[in-house]
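**Q** In the working numbering, the protein residues as written are 513 to 1255.
Quick reminder that beta carbons are idealized off the backbone N, C-alpha and C, glycines included.
The following block contains the structure, expressed as structure tokens.
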């Protein structure tokens, strides 16, 4: 860092030009930043689970392309409501991008192939209308599938054409559909609304895109105001903020120029990059202010980068390790998130150590004396903490606290819900909850049945599917399984199916038939719905169904039975994500310990660093457990961020302590000097970051609220660990001789 500092000072104009040009190019790259919004990417991972889902989607169509038209109200089977429903669906079929619509109007009367269940014109007498209502309510495809048991809710399924539909493509088409349904609601006495995976995804992403920049601006302004109060100089604030701001620009510009798309998790990337850079920036600014009391500007810059720069480099390296360890994850979005954050950390470091020295001329010298006297607050605090009884008590308490918090953290259970990413006031969430309550669920789940290619479909296939139906019917979570059995029963006059009835499948419209059976590929599917009650509740049921299907596979060795669906893969992914995070954090912790041991050239100091680094993570996890909340995706990702925040302050503290010890100072004096310098910077960054995260806590998105709350808890815990636990631990175990001058 010394050579780099001298080059910056010597070639100041050239360095400024390079930084300015790079920032301008990065700013242009911002125009090409793109977010990856393909639905399948969120649950993509290697292994057979995701491969089965892809195979099912290829055969029967993507399971997240379906939109539900939800109609709720009284007297749904009256001619007025049915006519309005039919008209709305006819208009929906004409919307560009709609592949098909399946509803009660596509069904035939029981025992017939041609006669519609609902006549095209319902301008009929009361007796006919009553007969139609009775037949619709009792139809084997309608009851429990297209209508709730209490008759207050009906649904129709709109399937969109294409695969991996993007939000820009879907949004205008869904807006058209919503306008059609709004008009139908006005003309009738019931409500027509849309629900489904795509609705949830669009509303979530649009909420993030709309709210994210606004929160970022407000958070930045509040943080700048707090920093101004603490620094008491606008010039110092500008210098401290400019570095991380340039780091954010370089990071996003890099992704824009490289064409790498940011995923859903990476929407938090700008905030994270700024936070990481701001911590180092404050340490540099405060050190420059301190040194300018006794040296000129060029000397102050060289001395600061020579002494504080290595600590900044080490914090960036360890933070990159923390994020980079996520790249061992099997879930693609987590893997990519770790990669993106590691790149952002590197670019933020380069920006901070370049911009802060170049703007150092704006920073005025510290007006206060820089020496630590025996009467100073820092020395008095350390003197008390260094007493044999207290330092041992605090050190023991810190270790016991980590063990206890770790035990509490083990009580956390992973969970995920589709609706957790939506605002509390979301209309989509309200419709989804209504469907879960009245229809038993809206998340699609499938059992794919395969038989030998050389064998045509026959009663043997139906026997297997009957048994699959029974397995699903025995479930407390799964609702009303649907397959070709329901289709054949609807065409049977005596509620039974014979071998000859299978020929009727050829008479069913291809679009309807191929959503249930692929005769050309010897595959059939049993479709069912589950409620959005969370992976923690659904996983045991999915595991039970898997066990029952395995039992059936032994009974029918020629058949393959597979449980799949986006809801199944997503539920299992949350467990995989937690497992990935556990592995990555363990790997990161080991590597960070080794790096710090090597950098500090002390095994003892490396071991001491474990407690203040672990305490914030364990405290945040325990707080989550105490609150009764589950370990969700947003909270799980926060722990990698917490590790970066915790390690940064610990490294700056221990590096300065090591430097003071190397200068020949006693442990107590070294701690006091470190507390007087680095401790101030730690408090400034902690208070400033807390103010910024507090703004995010008022977000309408529960996931953002959770992220902000846990990050705030981790920042406070990290400050306590570094200002209370770390000095006590160093006072107890940091007595190894580091200088020949020490008596």
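#1: So, residue 668 versus residue 615, is the Cβ gap smaller than 8 Å?
#2: Could you compute how far the alpha carbon of residue 600 sits from the alpha carbon of residue 709?
#3: Kindly confirm or deny that the region 1028 to 1047 and the region 561 to 578 touch, where touching means at least three C-beta pairs closer than 8 Å.
#4: Report yes if the C-beta distance between residue 933 and residue 1215 is below 8 Å; otherwise report no.
#5: Please classify residue 738: does DSSP put it in a helix, a strand, or coil?
#6: Using beta-carbon positions only, say whether residue 671 and residue 578 come within less than 8 Å of one another.
#7: Just to confirm before moving on: does the CB-CB distance between residue 1018 and residue 1003 stay below 8 Å?
#8: Could you check what DSSP says for residue 1218 in three-state terms: helix, strand or coil?
#9: If you run the structure through DSSP and keep just helix, strand and coil, what is residue 606?
#10: Could I get the ranges of all uninterrupted beta strand (DSSP E) runs contained in the region 991 to 1036, with 3 residues as the minimum, in chain order?
#11: Can you give the Cα-Cα distance for residue 1065 and residue 719, rounded to whole angstroms?
#12: Spatial neighbours of residue 521 within its chain, please: C-beta separation below 8 Å, excluding the five flanking residues on both sides.
#13: In terms of DSSP beta bridges, what is residue 659 paired with?
#14: Leaving aside the five residues before and after residue 593 along the sequence, list all residues of the same chain whose C-beta is less than 6 Å from its C-beta, in chain order.
#15: Measuring alpha carbon to alpha carbon, tell me which of 818, 942 and 761 ends up nearest residue 858.
#16: Measure the alpha-carbon distance for residue 1022 versus residue 604 and round it to whole angstroms.
#17: Tell me the start and end of each unbroken alpha helix (DSSP H) in the region 1118 to 1175 that is at least 4 residues and wholly inside, in chain order.
#18: My output table needs one value for residue 1051: the three-state DSSP class, helix, strand or coil.
#19: Counting only the same chain and skipping the five closest in sequence on each side, list residues whose C-beta sits under 6 Å from that of residue 992.
#20: Give me the residue from 822, 653 and 1048 with the minimum Cα distance to residue 513.
#21: Please report the straight-line C-alpha distance between residue 523 and residue 920, rounded to a whole angstrom.
#22: Does residue 1085 pass the burial test, meaning 16 or more other C-beta atoms within 10 Å, or should it be called exposed?
#23: Beta carbon of residue 840, beta carbon of residue 1096: below 8 Å?
#24: Three-state secondary structure (DSSP) at residue 881?
#25: Cβ of residue 659 less than 8 Å from any chain D Cβ?
#26: Under 7 Å Cβ to Cβ from residue 852, same chain only, skipping five residues before and after it: list those, please.
#27: For residue 817 versus residue 516, is the C-beta distance shorter than 8 Å?
#28: Helix, strand or coil: which one does DSSP assign to residue 687?
#29: What is the DSSP secondary structure of residue 1203, counted as helix, strand or coil?
#30: According to DSSP, is residue 1252 part of a helix, a strand, or is it coil?
#31: Per DSSP, which residues does residue 612 bridge with? Please list them.
#32: Ignore the nearest five residues each way along the sequence and tell me which others in residue 1244's own chain have a CB closer than 8 Å to its CB.
#33: Residues in the same chain with beta-carbon distance under 6 Å from residue 1268, minus the five sequence neighbours each way, listed in chain order, please.
#34: Let me know if residue 1251 comes out buried or exposed under the rule of 16 or more other beta-carbons within 10 Å of its beta-carbon.
#35: Cβ of residue 948 within 8 Å of Cβ of residue 1044?
#36: In this structure, does DSSP put residue 1068 in helix, strand or coil?
**A** The structure says:
#1: yes
#2: 21 Å
#3: yes
#4: yes
#5: helix
#6: yes
#7: no
#8: Here residue 1218 sits in helix by DSSP.
#9: Collapsing the DSSP output to three states places residue 606 in coil.
#10: Whole beta strand (DSSP E) segments, 3+ residues: 991 to 994.
#11: 45 Å
#12: 810, 813, 814 and 869.
#13: 655 and 666
#14: 700 and 702
#15: 761
#16: 20 Å
#17: 1122 to 1138 and 1145 to 1174
#18: helix
#19: 656 and 657
#20: 822
#21: 55 Å
#22: buried
#23: yes
#24: Bear in mind that a pLDDT of 48 at residue 881, under 50, signals an unreliable position, so the model cannot answer this.
#25: The structure shown contains no chain D, having only a single protein chain.
#26: 774, 778 and 781
#27: yes
#28: helix
#29: helix
#30: Only weak support is given to the placement of residue 1252: the predicted model assigns it a pLDDT of 41, under 50, and the question is left unresolved by the model.
#31: Answer is 671.
#32: 903, 904 and 907
#33: No answer is possible for residue 1268: the residues shown for the chain start at 513 and end at 1255.
#34: With a pLDDT of only 42 at residue 1251, under the threshold of 50, the placement of this residue in the model should not be trusted; the figure read from the coordinates follows. Only exposed fits residue 1251, as fewer than 16 other CB atoms lie within 10 angstroms of its CB.
#35: yes
#36: Reduced to three states, the DSSP call for residue 1068 is coil.
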